[in-house]
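Residue numbers (our numbering), protein chains in the order written: chain A, 16 to 126; chain B, 274 to 786; chain C, 39 to 207; chain D, 1014 to 1686.
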Amino acid sequence: MPLWFARGLRRGVVTTRYPARPDESAASLPTPPAFRPDRLTREAADRLVAVCPSRALERRDDLLVFDVGACTACGRCARAAPSAVNASEEFELATTDRSALIKKIPIRGDA
Amino acid sequence: MTTEAQAAQGTVTKTVPAADLERVTADLAKTPGARLADMFASDGEVPTLRLVWALESGYLVTETEIEGDQYPALSDVAPAAFVEECEIYEQFGIRPVTGKPLNRLMLPPHAGPARGVPGGRPPGPTLPRLGHPPARPPEDVHAPHTVGGQAFEFPFGPVRQVGAESLYYGLVTSGEEVVDVYLFTWHKHRGVEWRLRGRTPGQAMFFAERAEGLSAVAVGWAFAAAAEAALGVAPPPAAGRTRAVALELERLYNHAAATAALCQATGLTVGQSAAEIALERLLRVNAAAFGHRYLFGVVEPGGATRTPDTDVLRRDLPGAYGELRRAADALLGTNSFVDRLEACGILTAEQARRLGLVGPVARATGIAADARLNASAPQNGNPYVGHPVMVATAEDGDVFARFQVMLAEAAESVRLIGEFLDAGTAAECAALPVKGAAEAGGGSGLGWAESSRGEVLAWVALDEDGRITRARLRPGSVRNWRGFDDACRSQNVFTDIPIIEASFWLTAAGMAR
Amino acid sequence: MSPSQDETETARRLREAIARQFGRSLHIRTLDTGSCAVCEQEIRLLSAPHYDLHRLGFFFTPAPRHADLLLVTGPAIRAFDVAARKTYEAMPGPKVVVATGACALGGVYPADPFVHGNVGEVLPIDVWIPGCPPSPLALLQGLGVAVGRLAEKTPGLTFIAADPMGSET
Amino acid sequence: MNPLEVLYGAGGAWLVAALTGLLAGSWKAGLRASCALSALGGAAATAAGGWSLVYGNTRVVTAGAATITGGPVQLQLTSLAGVFVALLGVVAVAIAWYAPRYHEPSRGTGLYLAAYNVAVLACLGVLAAGGMVTFLVAWETMSLACYLVILRHPRSGETARGAFWFLALSEIGFLLVVAAFVILSAKTHATQLDVIAARGQLVPGGWRAAAYLLALSGFGFKAGLVPLHVWLPEAHPVAPADGSAFLSGVVVKLGAYGIALFAFRLDPVAGSWPGLVTMGAGAVSAAIGILYALRERDIKRFLAFSTIENTGIIVTAFGAAMIFHSYRLFALSAFLLIAGLYHVANHGCYKTLLFLEAGVVEHAAGTRDMDRLGGLVHRLPRSAVIAFIGTLGIAALPPLNGFVSEWLIFQGLFQGFRTGSHLTAILIVLAAATLGLTGGLAIYAFVRGFGIPFLGMPRTRQAADARETGQPVAGPALLAVACAALAVGAPVVLAALSRTARTVTGTSLGPLLLPGKLTVIPAHTDFSAFSPTYLATFLAAACAVPALIYLAGRPRAASVSVPVWDGGMVSFRPRMQYSAMTFSAPTRVTFDALYRPSVSVHRASDDDPAGRSGPVHYEAQVTPVFERYLYRPVVRAVEWLADFVRPLQSGDVNLYLLYVFAMILLAYLLGAV
């Protein structure tokens, strides 16, 4: 046991200060996509809906309905339309209201 | 399909008439070096039974057409087949001619048979199956404590300790030593194989790698390789190396996690913390290198969709692995820890062979079985051809032996990652032909990969427009849970069970799928 | 599945009760309704040195009898309903149920004979934590939200990358 | 008027009760009448016994010049016997209250009641015997009557076997006792116990020692001292519940009485070794008794072994008393004698109670096998409560009487240092340690003995169907009250017993037991003090506190009742609860050397090539050491001898005449010499 004690002292503290302070390791986490309405055309939107394996996307004529809760941040949409989609860098998504996770993205791309 | 094309994929397929099946199986089971790796059925106008044998030279698949829902009893000549016999019975209603009971594996008791048991309980709601439901429900695995006996059943689960998967143990104990153990895993059956039907390999991958999340890369790779074999395409070599890097990273973090679990089971909190520091750092390396802590979405049929950040790996991996190394050294110097591991949960090589165990569990008994050694099919994107693996084995077959094997493998993984990075990695994908799968690959193929739990097998059959008609996923957990109860029965007391479980480091998700 | 108004209302009152009664010590029971074992790994890591749940006054307990918060993972396999119900009922009130991970939020598996595809079908959910898997940091934030210690950011998020030029910072 | 005359009443009542039973046959009213008479006798005996504690020894009364006994019937009620008489009375009342509802009216019942009342009468005779012959005749009558009591259901071979064990060992013991008496009366030329005691100095030391050892082993058979105990676990299960209650509650105690009679009254041997021997025998019996009890599934066998343990404790106390007496520490000696007698009374009450309840359970559930019972607290609530009181008592848990008496015995033993001899002190401390182990194991054993049958889920259909239909409750309840009274009133009881001690040892502890303050002081004021009464009151108050808290807190805590947390499994099965044998598995492992268990495991999965898991059967059999290594050889030897002498007994008349002639010749020769 003294061995372990010494180890612990040598090892020092690794504990994050989160949530008091942001944690830098969050930067490399996969995050849901953020969309660029101006780059989104209906066709692109449909392509995204088709490619999403977790049914997180749905197009209501000029709205792209994005269920953040269902999104697995697999990055398929970003690969399908790199110009219109990039990572949102948001990982603090917990909510007490499921409906708050349903996002409506306007489709303003000129097709 | 042409045998050359198959040989090129490291698989040989032979058709065996039902009459000869028992004899052939018995012969193969007796052949040294041959291991029954998997057995599965696929329905059609005539259901087909396939046995996958692992030989030194590659894999041998025997195909047998089954008439009348019955086939010769194989588990008597090749005991490893038992789990699959049960599963096939549940899924297809096909059973071996033997009158011996077949245990419930995946479908819950209240799934019930489609046709009610004559004079039995009324049919319950029927769950979708890959074939037709069995005539009568399978037997529940349980060891009834006869009142005459002096043992009782200690029920454990399905809701177990915090952060543990749902799994039911029946521990039959005399108050001290463990007399018998049996498992229920149907709490976690998500019907993955059933889901994959009718999907393209690309879509199916999403579910395939979630069949056993802690071996996402291995299962994904095996599945992708099967699809590629079926389509007769090969991933680019650089993509193959990318997969390999991911696979070895997966092995690393799993062995770190197993170490932490061992410490927890032995009550060595300091060791647990040390191992968890290593684990967390390894996961962060994964995230930094591949963009996902558990390496989801790296493997794609035809290649790899993500390329590792080489600089990050070169910079951070040694440090992260160093944590694990130092923790392991300290653990090996802690008697209170080592004493709990030694002579605990012993499996003999004979048992391992008989039950067809794989991975560190088998290697700890001295069997040098490793799917990465299967150097066949270089053009099938097998990156290990150029970078041979030094397989670590141990002799004792106890928990300590498994622990040592894991540590050795971790070191080997780091070395391999270095080699693969030097050889170059890339996120490339070979295009998969969507139409006319039959010409190139013959529409069906076998894929394999060595997860941290052992060999993962996948078999895929595609129809004309490249959609899956039958996909078989067999993670290492399926095999090794079979050895778990034997290990528990080997002269252990109650408190050894968590230690043994940690040393196997299996998932219920992989078993139940 | 968006809950009705009164549900969210009760959830809010519940969280206030939690914050009032449990102060800074809250006990967590986990429940796996068919996850792929990755969410469990992340949950286990919560007590690892890097995240050290205990510094925030959260503790894991294996006994639902002592638990105030149920951390549910997985797509709610139908065969598991009995166990899920029993676990929830075994907890003393007031209690909070947290759906954890894309499976639990209906992301991965569609509703079919095997799974509900959404934990909300089985248990009354108070807090949703997205992610596949939700990283330990996300879990910490979720727990903070669950006891009303952290403000939730989600309603404010639009997931619209504002301007074409480098918004990915 | 003296206690003895009250006893005549009791004896008469029992005699009539026996005759009524004999005549009543299966006539319900007759049986009830017999039981009522028996209860009446019991009440009288209780009164007489209690009175005699205050009254002291009565004069010896010689009734009838020459009777069947071949000698005058000499009666006397000493206050030492008074304790046992009182106990006999209480037990008789309880059993009489219990029997009519327990026994279905039939021809056998009448005979049984006759035999039983004769046995009670015989016990009274033993206790009230003023002369050697009376004592021996009563003793033998008691054995034979008890033999009939055990043979209540003579059909089964089990019963015959158990009864035979009892009779055989009783007879061996009887011969030894006769020998002991013969020695004493031959040396003192007297048959009257008082005279024998008075002329003690006439007996040379060697003969004294021999007589004592003979008596110890002879009575040891009855008291169930290891290794003379084997009849208890055989006879108790086969006897009817009240019969075995009587055996354990009274008959076994008479063995202890006999030992006390010899040790303190008839021939107190000089030197400390007899005390050490007695104490050692007691301590060993206590430990081994409880250890074997832990391996029993049959409730009555279990209780029988626990009886062995308790008589062991009593004999230990007597032995220690003898030791202190030999060291002229009369106060301590008297104190331990008192403690021992007090334990006699306690054990008599709660062991009778438990055997009666065992009968209730057997009637309701149809089995005595703990592993086939379970959950009876919901089905037999009243019996459960009563049995629980008895269990608390016998497990020596405060505040009940078992705790008080064992505490006193420990206090006595802990003062072994006062003897001044290191060896003796160490041996006494060893005995105390053994009793400590015994006490711990006893708690363990009775947690099991109550918990497995009464708590949890029913393990079998019969247990689930057990119903409380007219179970006899009054008798056991009476004993439960007696237990409580003995506990709360301990100081008073002890004060009464201290007079007994004075009549036996000549020292009075009255002032040391301070009944005024309801506090007990073990012989020496500088050692320790303790008040059972206050303890009981305090514990009751302590239990009230949480109740009050609950009542106070209830309004705020809205309580919902949900099923037991079972890990979310589909359903609990009875096979998933601790069984009697698994509960005691740890002791099996720890005391491997004593049990020499033979473990056999049958797993379906072992035989099957594919390793299907299936039924599992696990057996761990304990080797019956004494039966196998002590009694079996003896029996073999006897059989061998029998074969050897058979030729003598050829049915040839001439040969027999030859024997007679030879005998006469021999007699003449001896006469001539």
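The C-beta atom is built at its ideal place from N, Cα and C for all residues, glycine as well.
On the CB-based measure, 16 or more other CB atoms within 10 Å of its CB, does residue i come out buried or exposed?
i          : result
ASP758(B)  : buried
PHE738(B)  : In the sequence on display, residue 738(B) carries Asp and not Phe. Burial call: exposed.
ILE1562(D) : exposed
TYR33(A)   : buried
ALA137(C)  : buried
ASN1775(D) : Lying outside 1014 to 1686, the shown extent of chain D, residue 1775(D) is not represented and no answer is given.
ARG1395(D) : exposed
SER546(B)  : buried
CYS92(A)   : buried
VAL1651(D) : exposed
ARG752(B)  : buried
HIS418(B)  : Reliability fails at HIS418(B), whose pLDDT of 49 lies under 50, so the model's placement of it is uncertain and the value that follows must be treated cautiously. It is buried - the Cβ of HIS418(B) has at least 16 other Cβ atoms within 10 Å.
List the residues of chain C that residue i touches, going by C-beta distances under 8 Å, in chain order.
i         : result
GLY84(A)  : ALA140, LEU143, GLY144, GLY145, TRP166, PRO168
LEU116(A) : LEU143, TRP166, PRO168, THR192
THR30(A)  : PRO87, HIS88, TYR89, ASP90, ARG93
Helix, strand or coil: how does DSSP classify residue i here?
i          : result
THR138(C)  : strand
ILE619(B)  : coil
THR1404(D) : helix
LYS461(B)  : helix
ASP453(B)  : strand
LEU1088(D) : strand
TYR332(B)  : strand
TYR33(A)   : coil
ASP164(C)  : coil
CYS92(A)   : helix
ILE198(C)  : strand
Please list the partners that residue i has in chain A, where partner means a Cβ-to-Cβ separation under 8 Å.
i         : result
SER173(C) : ALA41, LEU44, PHE106
GLY606(B) : LEU18
Taking the continuous alpha helix (DSSP H) assigned at residue i, which residues delimit it?
i          : result
TYR1608(D) : 1605 to 1608
VAL1506(D) : 1503 to 1518
GLY510(B)  : The amino acid occupying residue 510(B) in the given sequence is Pro; Gly does not appear at that position. Taken as a continuous stretch (DSSP letters only), the alpha helix (DSSP H) holding PRO510(B) covers 510 to 538.
LYS119(A)  : Note, LYS119(A): premise wrong, no alpha helix (DSSP H); beta strand (DSSP E) at 117 to 121.
LEU1522(D) : Run containing LEU1522(D): none; DSSP gives neither H nor E here.
First and last residue of the beta strand (DSSP E) that includes residue i?
i         : result
TRP982(D) : Because chain D spans 1014 through 1686 in this model, residue 982(D) falls outside it and cannot be assessed.
SER796(B) : Only positions 274 to 786 of chain B appear in the structure, and residue 796(B) is not among them; the question remains open.
VAL102(A) : The amino acid at residue 102(A) is misidentified as Val; the sequence shows Ala. Residues 100 to 102.
PHE50(A)  : 48 to 50
MET312(B) : 308 to 315
Identify the contact partners of residue i in chain D, using a Cβ-Cβ distance below 8 Å as the criterion.
i         : result
LYS124(C) : PRO1576, TRP1578, ASP1579, GLY1581
GLY540(B) : Within chain D, no residue comes near GLY540(B); the closest Cβ sits about 20 Å away, beyond 8 Å.
So which residues on chain A does residue i lean against when the C-beta distance must stay under 9 Å?
i         : result
THR578(B) : GLY90, ARG91, ARG94
In chain C, which residues lie with their C-beta within 7 Å of the C-beta of residue i?
i         : result
ALA530(B) : GLN79
Chain D partners of residue i, CB-CB under 7 Å?
i         : result
ALA101(C) : TRP1578
Please compile the residues from chain D whose C-beta is within a distance smaller than 9 Å of the C-beta of residue i.
i         : result
GLU127(C) : VAL1573, VAL1575, PRO1576
Would you mind telling me which residues of chain B sit closer than 8 Å to residue i, beta carbon to beta carbon, in chain order?
i          : result
GLN1590(D) : PHE425
Next item on the list: Please specify which runs of the beta strand (DSSP E), each continuous and at least 3 residues long, are wholly inside the segment 96 to 156 of chain C, giving them in chain order.
Entry: Fully enclosed beta strand (DSSP E) runs of 3 or longer: 96 to 98, 107 to 111, 134 to 138.
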